[in-house]
Every structure is written in structure tokens, then in C-alpha cells.
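Accompanying notes for the structure given below.
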Amino acid sequence: MKDVADAGKGFALKDATALGRYVYHGQVDEYIACFRKEVPKLQAVDLYAVPKAEKCPEKLGAKAAAPEFPDLTGHRVDTSLVDALVAGYRPDRVKVFKADDPETQVTAPEPLAKWRVCTQRPAAGTEFDRSADVRLYVAEACP
């Protein structure tokens, strides 16, 4: 991916599998580029990738086993948000709530960076579902 950026070309990151996962541009080092398609009119490249823990599919858009959602319980909010994005969930589907007031969404998690995830949905081990919402319930100290 670095070679494309170094060449001055624009690029888009997309899932190389049929799972339709979000590919988080903020952590490109967490992915392996499997395929590329040049977009000459735009001087750009579409890169199709998978997380580093996976193998590239044999062909673009191939079926792949759905990965399991990670266990974020006890982890810091900031790293948990990144982990949810790298797991393939779109940013608009990842929400943070206060553990002691589960209806109160936290829209600016920056001051909560040292807070921890107390509970999560989906549960750890749940198969990836791109239509699912991720809800992280956080506190300074979990009850």
C-alpha cells in the first residue's frame, strides 16, 4: 500500500472477500493488500485487502469464513474503537455508552481514552455481521 501512496496515486481500500467488511484507512498496517485494480482516469488504485491475521482469498470477492468479534472487555476505549473498525465494522455502527447509564451515548470519547470497556455487544466470539451495531459500555472502573 505504501508503494501506491509513494507513487502519488490516490487509493481506496476495500474488502477482498465477499464479507463486505469496512477497511479502516487509519490502520493500513493491520491489513495485507491482496489485489489491486488501476483506475487510470483518476490516477488511482483500488486496493482489496484482508486483516493481517487472515490469508488472501484465491480470487477477489471469494467467500470467506466470518471472523469472530474480539473480546474488548477490560480494554481501553480508544484501542477498542480501533479494534472494532479493524474487525470490519463501519464507524457509523460503532457506538460508546456509559456503563452506569446505558442510554447515554458518549459522542466525544477523547476524554474517555483511559476508560475501559465493561461490556460489549456483540459478545466476544460472535460471527462478523456487517449489519450489526457494535455497542461498547464503558466506565473509569467497571462495576
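Here the sequence shown is numbered in this note's numbering, starting from 4 and rising by one per residue.
No residue lacks a Cβ here, since even glycine has one placed at the ideal position from N, Cα and C.
This structure is a prediction, so every number in the text was calculated from the model and none was measured.
Expressed to the nearest angstrom, what Euclidean distance is found between the alpha-carbon atoms of D74 and P43?
-> Here the C-alpha atom of D74 lies approximately 42 angstroms from the C-alpha atom of P43.
Since L88 is in the alpha helix (DSSP H), which residue starts that stretch and which ends it?
-> Note, L88: alpha helix (DSSP H), 80-89.
Pull up the distance between the alpha-carbon of V80 and that of A142, whole angstroms please.
-> Computed Cα separation, rounded: 9 angstroms.
Buried versus exposed call for D2 [16 or more other C-beta atoms within 10 Å across all chains shown] | Residue 2 falls outside the range modelled here, since the chain spans only 4 to 146, and no answer is possible.
Please classify G13: is it buried, with 16 or more other beta-carbons within 10 angstroms of its beta-carbon, or exposed?
-> Taking all protein chains shown into account, G13 has fewer than 16 neighbouring C-beta atoms within 10 Å of its C-beta and is therefore exposed.
Counted within 10 angstroms of its Cβ, other Cβ atoms place G23 as buried (16 or more) or exposed = It counts as exposed.
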